[in-house]
Every structure is written in structure tokens, then in C-alpha cells.
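Heads up, the numbering used here is the position in the sequence shown plus 103, with the first residue counted as 1.
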Amino acid sequence: MPATLAELDFSKELPSIHTKEYGWLFVKRDGTTIRTITFDNGPDYFTEGLARYIDDGKTGFIDTSGRIIIKAQFGFASPFEGGFSQVCNDFVTESMGEHMLIKSSHWGCIDKNGQYVLPIKYSKEELSTKMYQLTHG
């Protein structure tokens, strides 16, 4: 692991470090950090130019420079896929081997501007149907 800020690689996306106290953190060029979620035993991935970050127990999205694009306001948010993220506020996690399953009774969908495309009120199955209709006309 790099010992100094100068040793971090800023050539692509934000570099990350792991700490005992806070878990995975993205590091900005000025040395400030942004807490992110652990995904596949490492920091969250940037998908469609955005990665999830954590602030006060809520999830939002940052771009590859560390700029907040969507304020942390969701209990859970999936990575963006096809321009959309599935979001919920009240959820529980269930262990499935080394993976965690996110369960909620109320799901919604946002676009990359953080605008609700579908409000948080659907079951996971209903949301899947609505998402299919949304993306396939």
C-alpha cells in the first residue's frame, strides 16, 4: 500500500486506501478522503463514471474526480446500469456465503441526475417489471 499521497496513482479513477477504522476510502488529489462501500472485497467500482460513497450512513454518488454528483440520501443504491440505479431506504442484509443480499419492501429508481424515475414504493419484482417497461418501451 502506498505510504504517501505522492505514491498514489491518479491517472485513471480515484485511488483508494483501506483503513481499520473506516474501511475503504477514495483519496482525492488534495489528500482528502471519501468513504465508499466495500464491493467484492475492495472499494466500490466506478460504473458509468460514478461510484457510490457513504456519508452519515447514507449512500450517494461521486464522479472520478471525487465531486459529489448525487448527494448521499439513500439507505442503499445499486451501481448505475443503463443510466439507472435502484434505490431503497429501509433494508436488511442477508449473508449468502461471502456475499450480502440486500432486502427491502420498497424500491425505486433514479437517473444519473439523482431524479426519481420511479418512486420508492415497489417490491423488487414490481420494480424489475417497471424497469423493463421503462427501458424497452
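Yeah, the Cβ is synthetic: ideal placement off N, Cα and C, and Gly gets one too.
Start and end of the alpha helix (DSSP H) containing residue i?
i	result
residue 230	227-239
Quick one: give me the first and last residue of the beta strand (DSSP E) that residue i is part of.
i	result
residue 189	187-191
residue 209	No beta strand (DSSP E) holds residue 209; DSSP gives it neither H nor E.
residue 163	161-166
residue 126	126-130
residue 158	153-158
residue 197	195-199
residue 174	171-177
residue 122	119-122
residue 136	136-138
Take the Cβ of residue i as the centre, count every other Cβ of all protein chains shown within 10 Å, and call the residue buried at 16 or more, exposed below.
i	result
residue 195	exposed
residue 155	buried
residue 225	buried
residue 147	buried
residue 234	buried
Do residue i and residue j have their CB atoms nearer than 7 angstroms?
i	j	result
residue 189	residue 210	yes
residue 149	residue 116	yes
residue 172	residue 153	yes
residue 141	residue 126	yes
residue 169	residue 137	yes
Between the Cα of residue i and the Cα atoms of the options, which residue gives the shortest distance?
i	options	result
residue 167	130, 225, 206, 239	130
residue 202	223, 225, 109, 145	145
residue 176	186, 165, 160, 169	160
residue 230	208, 186, 119, 200	208
residue 114	132, 143, 238, 138	132
residue 212	192, 198, 200, 204	192
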